[in-house]
Every structure is written in structure tokens, then in C-alpha cells.
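Notes follow once the structure below has been shown.
In the working numbering, the protein residues as written are 7 to 192.
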């Protein structure tokens, strides 16, 4: 069973913040949602409250098989600007463990050069901010480049969740989760 840390910041895109961890729980993984704020409930990009299990400061020094950064404009800016998250992302990639980012969150890879030499995708609206800093920006729903997994946005969140399920629980489990959810992943 893999351990997953979802880093939840104010302004997170709600579908991305919920769909990916939901898929991973269905795949039998242990998911911890940690708020970057001083409170466990943050408001998402569409004004919907999102609840975390804990605060980031309580778990950021633990080891997780996967660290996931949901997008959304406010959330992505927090991921980019918060040294705790920068440290976490850098350590995750350096250790060979999976770092997954979606939508606008790939901007968080830029400050420390975490996308240098990597192929990735992002929300098209932030492409210009990340493309000059990576090996290639690809117009694909999900891009796997070693232990860096990226995805484009709310409409690709299930695809990202299922890819992470495949990587952590195996193809058979991911396929069963997709079937049980009636997921059509293009």
C-alpha cells in the first residue's frame, strides 16, 4: 500500500483536489491531505470549502511514496512561493519518489529548476511560464517523465488519478477502479 500526500492550499481547484485522492483511496492507497494554511479547511478556487486531515507542518518531514500538488491559481502560487513545499518537492524528486502536479501547479517546478531536462504538461494558460524551463512541454492529458507526473487540469484529474493508481497499485487495480467508476479516460 502506497502512501500519498496531497498538499492542499487555499485556491486549490476543487475537482483536482478531490478526484485524484478519491481514485487513490479506491485503489487501496493511504491518502493524507495536508493544509498549507494554519487551519484544516481551506476555500477552493470556486469558493467550495475543502477539508484536510492535518496541517502540512505536522507531516512535511515524513516520507510519502507520492506527493501530489493540485492546481488552481492561488494554490499553484502557494506551491511556487512556499519554501516548505519547494523543499518537499525537491526532496521527493531527488529521492526517486513520485511527485505529481496538475493544472497550474507545474509553475512550482520552476524556482528550483525541478523541471530542467524533463518533459511535462500543464494547464495551457501557464505553458509560457514552464515551457522555457523544461526539456519539452507536451499537449497531453498526462505526462510521465520518470518520477515526475504532470497533468493538464480539472478534466484530466481522473486520468492522473488512474495513472498514479497504476504506478502505485498496478495496472489490474487501476483498471478495476476505472471500471467501477465507469470512467472513460480518453
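Every residue gets a Cβ at the ideal spot worked out from N, C-alpha and C, and that includes glycine. Bear in mind the structure is a predicted one, so any value in this text is a computation, not a measurement.
Annotated as distal: residue 152 and residue 109, with beta-carbon spacing of 8 Å or more. The alpha carbon of residue 104 has as its nearest neighbour, out of 33, 18, 43 and 171, the alpha carbon of 171. Distances from the CA of residue 87 to each of 100, 65, 66 and 116 were compared; the closest alpha carbon is that of 116.
Comparing C-alpha distances from residue 123 to each of 130, 111, 138 and 131 shows the shortest one belongs to 138. In the DSSP assignment, residue 155 forms a beta bridge with 106 and 150. By the 16-neighbour rule on beta-carbons within 10 angstroms, residue 68 is exposed. Assigned with DSSP and collapsed to three states, residue 41 falls in strand.
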